[in-house]
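Protein chains in written order, with our numbering: chain A, 17 to 387; chain B, 17 to 387; chain C, 17 to 387; chain D, 17 to 387. By construction, the Cβ of each residue, glycine as well, lies at the ideal position given by its N, Cα and C atoms.
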């Protein structure tokens, strides 16, 4: 049972390979009546696309999205929205030397054992290029959620290799290729990356992503808890090896009297929970942190085997991101938006007529410290 | 759309509340021909059940499981296996004072906002008691996987509050109430818990869970990657706030040349990946780590509100685990087994006839360091 | 991938066998706040249960339903509703002679080939007894739909073997064991059945089931059309071999100018469509007709084989319905209600905020001829 | 929850509208290693496409399929297969007069009420044009099933309006535009259609579709029975109002001693069951019959209303099939193939290692009468 569809009610089916004619997705279940055009989607794709700085892969893709269905006279009709992005810069020859060997840390070996063969062209289906359709679908979800619930999705890089990045201001994020919320640290990040590139090695990163202005009540216990599905969405992004909600692994050394966010008529007093309790959104900001491993395609020689299990040495040339975390911020935002969107519809299905006599309390004060 | 069913092909539908007449689950999709009796399931339930040491809740439940269907003459028939556990020790009066207030850090508030009401008896559906049916279902999955693939599931506590627990030997785990793989540290853990109980506070913990003897090729990219579904399963366990696979958040500061596990004809040389690459099992051990937050039901006074949004102070008496992590090990093992079981069937569905001319390579040497 | 769960948002997972300790179901996704007690469910179970006339099986089952979860203080909580019915009258010896042979027309052979074994006790999972939990779940759906949309479900027998039953009045249906909407024909039906029983043979029947007071707009093209899912639900009932919506097979000889139901400001002028166009409810009554085959367990000798493929003769004694159609009416009503309930929630999820400036038009006049 | 995905393990997600830029589908879950090219798919599309005789719509579409993903070096890779068909002949002006009115018998009204708007261009999503991607997906399923199980799918028209078409020989089917298995009756069918076209009216039809060389054991009771999912697939085809398996509605007047197919060491002696017992395939041919209603778009004037509920008269000009049943045979074959394919994978998932010491018995003798 293949797993190329994401979501239950807002369902995104992804297709394509790194070096095939096109990639894309079909969104099924989008509510009707949403104003939608390519121009609503393209900006997020542009934030993710390759070739925008010297710190990322130099593959040249416009990533221009085309809406094939589901929109009539500028409005969604409630029928499937098919989005297509043509692949344009497929230099398959770059990968010729990888046909018979397996990069340490890469999906090559696992794909080969699973399917009995693999698409050697640019990682095939395992390529991070397949996150582009999710960024596109996420843009649709973001638009609906902003219009209907006032929810905004904001992510940033909080660590690059050994360099921790202190949060300064959201306004800094868009001003540098790292999505760093701190303009002052950018020169140091650039120097770090320049040195890394020269060394032929790669590095990891840590990204924080938030949803602000969350509706209360989203999440479906026992299993489809909001945080469980966020973890699923995040861990499914290429190269992610860890996911935290709120205080994350910090809870191990917290006491209950410290961790539990107190409530007051003016709102929550802190947000250690990261906006989810019992698997259900509280109305506080969702706060999610993810760990992204260093790219496995590096120039340095590594021991490996070939398809006959004979030992060999692998060095990967071609065009690769030395830190896939650099382009991960818009991807993580999109995946978070897709989870929230799906749960907004799921909640409406079952609890659409629930009404309480008092309003939800506020989120923690905007000035509250945020990881 | 409620989320009380776990899994796609090996599907477990969970029902019940902490203080209703019974809890249980229905397993749909178990292969026929598996020898199965209550005695295959009860041992894991006994590992999880309350009242077995002074460090956990004193609620007295036998947690005796009854098979209601799906087994004929000692063998599974391929039809749904219904498992039921009667609730016996429901002292609902313990919770009377919680009816109108919300415990900081607890699901009370979120449930109330979502459903318009909540079951105040022992946390209702949000109680960790609902993990018992999953432990029962997990025992069925474990048995099938052991018989068909030789896979074993082993978990342990690796940190209790501030105390890190070094891995000594697997044989120690069953010999103490903490599931600590290190007998020497147990007195220190007991003293820590005794002091914590006296203080009226609670603490967090960290659990590692592994699958050993894994088949290669399990996992369904793009979204139902093996690690993505492990993250979903783990984050869905009560009180979990973080999930790591392999090196987890350690990858942020690793270089690619360090992280990528080299391959050799004798097998992998390390296991930083935690047994998953590209979302597909490599045949190495699955290594998963989770962070469990401190219990929200504590005796210490906390600020909160009531259902009219008026300020109040909450102190929780009654029977609670001061560290829910202590009983979490068998739960995490069960959830991991359910994920692997589901993927074993999913893989067989699509790729059941894939054959390669060479066998899979070995996992990292058994002596290799494991988190 | 086993198929024991019915529905997408209002999900019913069925468990049990004819002669195990219990049968039942878990309903996941019921909206919270519905007043619900066993007494809301039992009446429909009583309409279906065996032993109520000499024309059906004499197995003696009270079919008393117990709610195990999902209801607190008389209201549904939004969490899974587990319903259990104990089996009480299991005379397994009746079936001893069937262990090694296969009844012509029965599921025996197919179950054996699929699962490698079969539960010989009373048909095991293939028994029509497993419709009881669906009738129970259907009663929950009926109650919610009546309260929220004013929808009512009414079914009746329209043919027994060769005897066509003209529709006289709905009020007649409850007054006879056949669910015939025509009191005058009952003596003839009784005589027919008495003769059939004596002969040791069995007969077929035809049932019509309707939903009255339907909301407009239910159904999810392209595949989960309302009529497609009705066909799925109906064909899944034991012994059903044909399903029609509206004019059904009559459309083959209709012209377009006759079939298409004209619209007027006062409402539709006819209902050949059976209440569904393009897979979406029009607001007219749903009208569904099903064909039920004669019972395969008959006393007359039939040629068959045993498990070694050797020829043999099978005669089935024990307790069986000579016409399973007699008890099928409440089952068909329940399945129709479950489909409509599921679609009511699905529609609310995606289109919950669609509003038009003019109201729906009326259904065909109540006096309009109905099959 | 939109329903644009068909199947559980072999999943086909359909997108597009009659007059958008493209239609297509994404097939997720196809086993790897199947040789596949456009030329495997195009022949079935050509059987379905419009404009091939004077008896069907004159819309001019090449329906040329393009594979966008999922195939590498001529073999399926196990990743999603995206298929796209460009729309070429969109004369939207034909439909201008339909914008504000509703054709009796058409989905216009229902779509409008459900989604709050509708795509007026050629029926939008409700157009039978959307069956083309299913025919394409069905061709993939047919190829795999033929190679792995020797299963063939054969359908034909058995009634056109009042004209019943006796089955003469399978070889006749491909020789006429009606898919009639009887060359001798074709002149009569042509005359009937010529007269119908002149009259401005439309007519119904009846199609039989079979699967020959079926594996035993496919189907997932309780709900995802093979016949239940066939009924779902068939009733979901545009204009279908009735579905029968095997003897279908004929069972109402059959006795059990007549209906139940006897077994012998040489095989089944008849096939009243249509190849399914207890929801599981028996290894006999699947035999399915469907009723197709007359087209709702006709030239004759019909009473209707406009979007303000004011009365009006509707006459539909433009290009329409006067009998949509004429092109329905390849569609019904494709849908049947998709159901069987999905169940072949589902069966392998759960029961892939079931083995019995004796082989399945044979289907009814090839010469046996077939509806």
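**Study point:** Beta-carbon proximity list for residue 385 (chain C), same chain, < 8 Å, skipping 5 on both sides
**Key:** Counting from 1 along the third chain, the entry for residue 385 (chain C) is found at position 369. Because residue 385 (chain C) sits at a pLDDT of 46, beneath the cut-off of 50, its placement in the model cannot be relied upon, and the following sentence gives the value as read from the coordinates. Result list for residue 385 (chain C): empty, nothing under 8 Å.
Practice item. Could you pull out every unbroken beta strand (DSSP E) segment of at least 3 residues lying fully inside the stretch 287–340 of chain A, listed in chain order? Key: 302–308, 318–321, 327–330
Practice item. Measure the CB-CB distance between residue 290 (chain C) and residue 298 (chain C) and report whether it falls below 7 Å. Key: Here the question's residue 290 (chain C) lines up with position 274 in the third chain. Here the question's residue 298 (chain C) lines up with position 282 in the third chain. Cβ distance not < 7 Å, so residue 290 (chain C) and residue 298 (chain C) don't count as in contact.
**Study point:** With 16 other Cβ atoms within 10 Å as the buried cut-off, status of residue 20 (chain D)
**Key:** The residue labelled residue 20 (chain D) in the question sits at position 4 within the fourth chain. With 16 or more other Cβ atoms within 10 Å, it is buried.
Practice item. Indicate whether residue 88 (chain D) and residue 135 (chain A) have their beta-carbon atoms separated by less than 7 Å. Key: What you label residue 88 (chain D) is simply residue 72 of the fourth chain in a count that begins at 1. What you label residue 135 (chain A) is simply residue 119 of the first chain in a count that begins at 1. A contact, by the Cβ cut-off of 7 Å.
Review point. Measuring from the CB of residue 258 (chain C), is there a heavy atom of the ligand ZN at a distance below 6 Å?
Key: Only the bare structure without any ligand can be found here, which leaves the ligand ZN out of the picture.
**Study point:** residue 261 (chain D) in three-state terms, based on DSSP
**Key:** As a working mapping, residue 261 (chain D) is identified with position 245 in the fourth chain. DSSP places residue 261 (chain D) in strand when its eight states are reduced to three.
Exercise for review: Could you say which of A:253, A:302, A:347, A:313 lies nearest to residue 263 (chain A) if we only look at CA atoms?
Suggested key: Along the first chain, read from residue 1 onward, the residue named residue 263 (chain A) stands at position 247. If we check each option's Cα against that of residue 263 (chain A), A:302 comes out closest.
Review point. From residue 252 (chain C) to residue 41 (chain B), what distance separates their C-alpha atoms?
Key: Walking along the third chain from the start, residue 252 (chain C) turns up at place 236. Walking along the second chain from the start, residue 41 (chain B) turns up at place 25. Each residue's Cα considered, the two are about 24 Å apart.
Review point. When the Cα atoms are used, what is the spatial distance from residue 98 (chain D) to residue 137 (chain B)?
Key: Counting from 1 along the fourth chain, the entry for residue 98 (chain D) is found at position 82. Counting from 1 along the second chain, the entry for residue 137 (chain B) is found at position 121. Each residue's alpha carbon lies about 51 Å from the other.
Review point. Does any C-beta atom of chain B lie closer than 7 Å to the C-beta of residue 36 (chain C)?
Key: As a position in the third chain, residue 36 (chain C) is number 20, starting the count at 1. So, interface residue.
Check your understanding: Just curious, the beta strand (DSSP E) that residue 81 (chain A) is in, first and last residue?
Key -> If you number the first chain from 1, residue 81 (chain A) lands on position 65. 81–83 is the extent of the beta strand (DSSP E) around residue 81 (chain A).
Check your understanding: What are the boundary residues of the beta strand (DSSP E) that includes residue 348 (chain A)?
Key -> As a first step, residue 348 (chain A) must be located in the first chain, where it is residue number 332. Note, residue 348 (chain A): premise wrong, no beta strand (DSSP E); alpha helix (DSSP H) at 344–367.
Check your understanding: Hey, residue 275 (chain C) and residue 121 (chain D): beta-carbon distance below 7 Å or not?
Key -> The residue labelled residue 275 (chain C) in the question sits at position 259 within the third chain. The residue labelled residue 121 (chain D) in the question sits at position 105 within the fourth chain. Closer than 7 Å, so yes.
Check your understanding: To the nearest whole angstrom, what separates the beta carbons of residue 177 (chain C) and residue 242 (chain C), a pair I think is in contact under 8 Å?
Key -> Mapped onto the third chain, residue 177 (chain C) falls at position 161. Mapped onto the third chain, residue 242 (chain C) falls at position 226. Contact doesn't hold; Cβ gap of about 31 Å is too wide.
**Study point:** Beta-carbon proximity check, residue 94 (chain A) vs residue 358 (chain A), cutoff 7 Å
**Key:** Along the first chain, one-based indexing puts residue 94 (chain A) at 78. Along the first chain, one-based indexing puts residue 358 (chain A) at 342. Their beta carbons are not under 7 Å apart, which means residue 94 (chain A) does not touch residue 358 (chain A) by this criterion.
Review point. If we count Cβ pairs, one from each stretch, closer than 8 Å, do we get three or more for the stretch 320–336 of chain C versus the stretch 317–337 of chain A?
Key: At 8 Å Cβ cutoff, the stretches do not touch.
Check your understanding: Can you give the Cα-Cα distance for residue 33 (chain B) and residue 352 (chain B), rounded to whole angstroms?
Key -> By one-based count along the second chain, residue 33 (chain B) stands at place 17. By one-based count along the second chain, residue 352 (chain B) stands at place 336. If you take the alpha carbons of residue 33 (chain B) and residue 352 (chain B), they lie about 23 Å apart.
Check your understanding: Under a Cβ-count criterion, where at least 16 other Cβ atoms within 10 Å of its own Cβ denotes burial, should residue 373 (chain D) be classed as buried or exposed?
Key -> Within the fourth chain, the letter at position 357 stands for residue 373 (chain D). So residue 373 (chain D) counts as exposed.
Point to revise | Residues bridged to residue 44 (chain D) (per DSSP) | key: Taking the first residue of the fourth chain as 1, we reach residue 44 (chain D) at position 28. Residue 44 (chain D) is bridged to D:27.
Point to revise | Closer than 7 Å to chain A by CB, residue 25 (chain D) | key: Here residue 25 (chain D) is taken as the residue at index 9 of the fourth chain, counted from 1. Answer yes: the Cβ-Cβ gap between residue 25 (chain D) and chain A drops below 7 Å somewhere.
**Study point:** Amino acids of chain A, ordered along the chain, whose beta-carbon sits closer than 8 Å to that of residue 21 (chain D)
**Key:** Position 5 of the fourth chain holds residue 21 (chain D). In chain order: 21, 27, 29, 44.
**Study point:** Residue nearest to residue 285 (chain C) in terms of C-alpha spacing, selected from C:163, C:378, C:166, C:140
**Key:** Residue 285 (chain C) sits at position 269 when you count from the first residue of the third chain. Among C:163, C:378, C:166, C:140, the Cα nearest to that of residue 285 (chain C) is on C:378.
Practice item. Consult DSSP for residue 78 (chain B) and reduce its assignment to one of helix, strand or coil. Key: Position 62 of the second chain, counting from 1, holds the residue named residue 78 (chain B). Coil.
Point to revise | Selected residue, minimal CA-CA separation from residue 163 (chain D), among D:350, D:328, D:50 | key: Numbered from 1 along the fourth chain, position 147 holds the residue referred to as residue 163 (chain D). Of the listed residues, the one whose Cα sits closest to residue 163 (chain D) is D:50.
Point to revise | Distance CB(residue 155 (chain B))-CB(residue 28 (chain B)) smaller than 7 Å | key: Start at 1 with the first residue of the second chain, and residue 155 (chain B) comes out as number 139. Start at 1 with the first residue of the second chain, and residue 28 (chain B) comes out as number 12. No, they are not a contact pair.
**Study point:** Test: residue 361 (chain A) CB closer than 7 Å to a CB of chain E
**Key:** Note that chain E does not occur in the displayed structure, where the protein chains are A, B, C and D.
Review point. With 16 other CB atoms within 10 Å as the buried threshold, where does residue 257 (chain C) fall?
Key: By 1-based counting over the third chain, the position of residue 257 (chain C) is 241. Buried, because 16 or more other Cβ atoms sit within 10 Å of the Cβ of residue 257 (chain C).
Review point. Whose Cβ in chain D lies nearer than 7 Å to the Cβ of residue 311 (chain C)?
Key: Locating residue 311 (chain C) in the third chain gives position 295, where the first residue counts as 1. Those are 272, listed as they occur along chain D.
Practice item. Tell me, please, whether the CB atom of residue 385 (chain C) is closer than 7 Å to any CB atom in chain A? Key: Taking the third chain and counting its residues from 1, the one referred to as residue 385 (chain C) is at position 369. For residue 385 (chain C), the pLDDT reaches just 46, beneath the cut-off of 50, and the residue's location in the model is therefore unreliable, leaving the point undetermined.
Exercise for review: Tell me where the beta strand (DSSP E) around residue 52 (chain C) begins and ends.
Suggested key: The residue given as residue 52 (chain C) occupies position 36 in the third chain. For residue 52 (chain C), there is no enclosing beta strand (DSSP E), since its DSSP letter is neither H nor E.
**Study point:** the stretch 187–220 of chain D: positions lying closer than 7 Å to chain C by Cβ
**Key:** Within the stretch 187–220 of chain D, 217, 218, 219, 220 place their CB atoms closer than 7 Å to a CB of chain C, listed in sequence order.
Practice item. Note down, in chain order, every chain A residue with its Cβ under 9 Å from the Cβ of residue 84 (chain D). Key: Locating residue 84 (chain D) in the fourth chain gives position 68, counting from the first residue. Here the neighbours are 31, 32, 36, 37, 38, 39, 40, 100.
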